[in-house]
Structure formats: structure tokens, C-alpha cells
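First the structure, in the form of C-alpha cells, and then the observations on it.
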Amino acid sequence: GHYDNGGYEHYLLKEISEQPDTVARTLRGRLDDRFHIAHLGGLNMDPRESRSFRRVKIIGCGSAYYSGQIGAQLIEELARIPADAEPASEFRYRSPVVEADTLYIAISQSGETYDTLAAVQELKRKGGRVLGIVNTVGSAIARECDGGVYLHAGPEVSVASTKAFTSTAVAFALIALHLGRVRDLSPADGRRICDGLRKLPEQIKEILTQEEHIRTLAMKYADAPGMMFVGRVRGYPVAREGAQKLKEISYVHAEAYPASELKHGPLALISPELPTVAIVPDDELLDKNLTTLGEIRAREGRILMVGHRTADAADDCIVVPKNETELDPILLTIPLQIFAYHAAVALGRDVDRPRNLAKSVTVE
Ligand code: G6P
Numbered sequence: 242g243h244y245d246n247g248g249y250e251h252y253l254l255k256e257i258s259e260q261p262d263t264v265a266r267t268l269r270g271r272l273d274d275r276f277h278i279a280h281l282g283g284l285n286m287d288p289r290e291s292r293s294f295r296r297v298k299i300i301g302c303g304s305a306y307y308s309g310q311i312g313a314q315l316i317e318e319l320a321r322i323p324a325d326a327e328p329a330s331e332f333r334y335r336s337p338v339v340e341a342d343t344l345y346i347a348i349s350q351s352g353e354t355y356d357t358l359a360a361v362q363e364l365k366r367k368g369g370r371v372l373g374i375v376n377t378v379g380s381a382i383a384r385e386c387d388g389g390v391y392l393h394a395g396p397e398v399s400v401a402s403t404k405a406f407t408s409t410a411v412a413f414a415l416i417a418l419h420l421g422r423v424r425d426l427s428p429a430d431g432r433r434i435c436d437g438l439r440k441l442p443e444q445i446k447e448i449l450t451q452e453e454h455i456r457t458l459a460m461k462y463a464d465a466p467g468m469m470f471v472g473r474v475r476g477y478p479v480a481r482e483g484a485q486k487l488k489e490i491s492y493v494h495a496e497a498y499p500a501s502e503l504k505h506g507p508l509a510l511i512s513p514e515l516p517t518v519a520i521v522p523d524d525e526l527l528d529k530n531l532t533t534l535g536e537i538r539a540r541e542g543r544i545l546m547v548g549h550r551t552a553d554a555a556d557d558c559i560v561v562p563k564n565e566t567e568l569d570p571i572l573l574t575i576p577l578q579i580f581a582y583h584a585a586v587a588l589g590r591d592v593d594r595p596r597n598l599a600k601s602v603t604v605e
């Protein structure tokens, strides 16, 4: 389609900049101040059904899969239901065991990704209950699912996903709040999450004001032959998405690892030629992450830290506003989008239409 680029040089920058608004649209009308719950009529589920699931399995491709990893953590933390994410492509090829008490959630911005659609169809054939988190209303995946949540993020044109990614994470927070509040999540914790979600648009605006600082850092690091992205637990899907954004649009090799796994292999790669982007939120893992930074530094690795404070062990820092710990991954992702964008621009890449990639892969 032909959409207005709103005066921005690239759709990607437009879509990054829209996020205060797109996140607000995903939330609109869905938070209940009296009971601290989420209204998600599209799930088509009564409370008894919502309580019946013993497991959640999330599928999607590319960035949708990484946002699903954030979603799995939100559901485990807030609803205390075992949850995990898997690439839809892998899922459908391995003849998955489909269980009646598992809730399946398929994620797709376009709603047309063939691997995800085929996985949903296979699930349906086997009697699985499938919800969709989809941006495009009336798309193939949306029609195939039993219910779901629309993102309302508006058309995403640039091949690399940005606003759909953050809105998907927000949709997962709403689903996790819903599943949590029909289980053991207290009204007080429900309120804490509702209040945190409401703060997101303003906090995203604050991150966007740091564009010039992040651009300077992107130019500083863009000539490295590769970059390592690390994070622990909530920071790990953020690291994966940050690496994905960088490789998709700048063609700089980027690898994401759990920070805890560095010492089991990739630490051998660390040198001044391979800088690390470290996702270091102020959570219960802060001290462990700072220790990891020390280990990288001891190998003369350069470090760009993204978190809620600055640290001496890092060469450079991007500080984002703090939200509730469970919601922090949403905000931590945004500077990495801006970083990848400016790295791609600095390297003269075709930002909105990177080589070899398609916005939606509708073939096998
Ligand atoms: C393609 C795009 C990715 C996207 C993935 C899933 O590979 O290049 O940016 O994350 O498809 O797309 P979907 O529309 O299903 O979210």
C-alpha cells in the first residue's frame, strides 16, 4: 500500500516515533480502574475457561517470535502459568503434541505469514484453542483463530517491525493481567500493572527525546564488524530483538546471548573488535549483570549498556525510564530500534526495504 511517510525520511523512523500513540491505541478502552483487570472481549472466553489452561504456548516468526518470548515471561510472572514461545515455522514441522488444556497464542503483524498460518491450521485440525495477536484486521490468521487481541497500531510499512513489536508486548501484558486476575494476581498487583501500562506512552516519548544521543552512539559503533547483545531473563528477548533489528537493516552481524551463558562459549569472541550491547534493567539480576560487564571489560570488550542507570564498567550508557519490573522490556527495546535505524543510515543501507527480506512472507 501507499501510505504517507508523514514527512519522515524513512517509514521506519516514522513508525518508531509513532509508538507513544500506537501503544496508547493498543491500551485504549481495555484497562478497568475498578477491578484492575483487562477488558479483552475478543478473547471470547468466560472466566471459568480462562482459568482452565495449565500451559501457554506462543508461536510467531521473526520479531513476532521475540515479542512472544516477552509475552511468555509476562504470563509466567503475572498469571503463574507455565508459558513458552517457539518459532511458528519450527513448531509446525515437528508434529507438536496438542493438548486440550494448553492455550495457544499466534502472533503476526500482517496476519498473513504462511508459517504462522500453517501452524494455526495444524493446531485447529488437532482441536487446539488458538488466540491471535494480530495487527491487520480481517487477515488470514485473524480469521483462523478462535479469538484474540487486535493491536490497532495502524499499518506498518517498513520491513523491520517496531511499533507492532511493542504493541504485541503490551497486548501480552493485557492478556497476562487478564489470566492473572482470574487466578492469584491480587487487586493491588493488578492496579500496579494497570498504572504501569498507563505510564508507557509518556515514557516512550522521553526515550524518543534521546534520539540524538543514540544516533551518536550508533555512528560510533556502526563500523564494528559485529556486535554481541546480552541480557538476563527479561533482558534476553530484548537482546534478541535488538540483534535482529541491527542485522536486518544494517547488515552488521549481531548475535544475542543470555548474559549468563557468555562464560560457556561466546566469551571467547570478546575483544575490542566485538562490542557488546548489554541490557541491564534495575531488577533482581542487576548485580549479576554488572559482574558480567566486568568480565567483558576484563577482555577489553567495549560495552554499550541499556538500562535504568549508568555504570562505570560500561563505555556508554542509554538510560530509559523505569516502569514496573515486568513491563521494563517494552521500554528497553525502543533505544535498540533507534540504534539500529541510525546504524543503518550511517552505513547507507536501504532502511525500509532491506535486501533479501520481505515484509510478509506468504510462501513456504
Ligand atoms: C518477516 C519480516 C519480519 C517479521 C516476520 C513476521 O520475516 O521480515 O520483520 O517479524 O516476517 O511477520 P508477521 O507479519 O507475521 O508479524
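Here the sequence shown stands for residues 242 to 605, where the numbers follow full-length UniProt numbering.
Here a beta-carbon is modelled for each residue, glycine too, at the ideal position from N, C-alpha and C.
Just so we're clear, the structure is a prediction, and the values are computed from it rather than from any experiment.
On the three-state DSSP scale, how would you describe residue i?
i           : result
residue 264 : helix
residue 666 : With the chain running from 242 to 605 in the structure shown, residue 666 is simply not present.
residue 242 : A caution first: residue 242 carries a pLDDT of 47, below 50, which makes its placement in the model unreliable, though a value can still be read off. It is coil, neither helix nor strand.
residue 548 : strand
residue 603 : coil
residue 609 : For the chain, the structure presents residues 242 to 605; residue 609 sits outside this window and is missing.
residue 593 : coil
residue 286 : coil
residue 319 : helix
residue 345 : strand
residue 298 : strand
residue 272 : strand
residue 608 : Lying before the first or after the last residue shown, residue 608 is absent from the chain, which here runs from 242 to 605.
residue 442 : helix
residue 281 : coil
residue 250 : coil
residue 356 : helix
residue 410 : helix
residue 214 : Residue 214 is absent from the structure shown; the chain starts at 242 and stops at 605.
residue 325 : strand
residue 424 : coil
residue 375 : strand
residue 389 : strand
Taking the alpha carbon of residue i as the point to measure from, which residue in the options has its own alpha carbon closest?
i           : options               : result
residue 569 : 477, 304, 529 and 487 : 477
residue 642 : 541, 440, 497 and 475 : Lying outside 242 to 605, the shown extent of the chain, residue 642 is not represented and no answer is given.
residue 201 : 250, 274 and 587      : The chain is shown only over 242 to 605; residue 201 falls outside these bounds and no answer can be derived.
residue 584 : 385, 506, 255 and 491 : 491
residue 343 : 370, 317, 305 and 321 : 370
residue 614 : 380, 487 and 245      : Because the chain spans 242 through 605 in this model, residue 614 falls outside it and cannot be assessed.
residue 542 : 552, 529, 548 and 556 : 556
residue 414 : 544, 380, 447 and 318 : 318
residue 311 : 354, 410, 272 and 391 : 410
residue 236 : 443, 575, 381 and 313 : Residue 236 falls outside the range modelled here, since the chain spans only 242 to 605, and no answer is possible.
residue 439 : 423, 426, 421 and 412 : 412
residue 338 : 355, 315 and 364      : 364
residue 527 : 441, 472 and 460      : 472
residue 330 : 352, 321 and 306      : 306
residue 671 : 574, 374 and 507      : Here the chain comprises residues numbered 242 to 605, so residue 671 is not present and cannot be evaluated.
residue 551 : 565, 315, 530 and 567 : 530
residue 298 : 360, 351, 280 and 350 : 360
message = With a threshold of 8 Å, are at least 3 pairs of Cβ atoms found where one atom belongs to the stretch 501–516 and the other to the stretch 532–551?
response = yes
query = Hey, which residues come within less than 7 Å of the ligand G6P, measuring from Cβ to any heavy atom, in chain order?
reply = 301, 302, 303, 304, 305, 348, 349, 350, 351, 352, 353, 354, 357, 400, 401, 402, 405, 489, 598, 599, 600, 601 and 602
query = Hey, is the stretch 255–266 in contact with the stretch 400–409, meaning 3+ C-beta pairs nearer than 8 Å?
reply = yes
task = Taking only runs that begin and end inside the UniProt domain "SIS" (458–595), name each unbroken alpha helix (DSSP H) of 4 or more residues, in chain order.
result = 476–491, 527–539 and 569–587
query = Between the stretch 324–331 and the stretch 276–283, do three or more beta carbon pairs fall short of 8 Å?
reply = no
message = So, does the stretch 376–395 touch the stretch 263–271, judging by three or more C-beta pairs under 8 Å?
response = yes
message = When you compare the stretch 338–358 with the stretch 445–462, are there three or more beta-carbon pairs, one atom per stretch, that lie closer than 8 Å?
response = no
ask   = Can you find at least 3 beta carbon pairs, one from the stretch 423–432 and one from the stretch 242–256, that sit closer than 8 Å?
value = no
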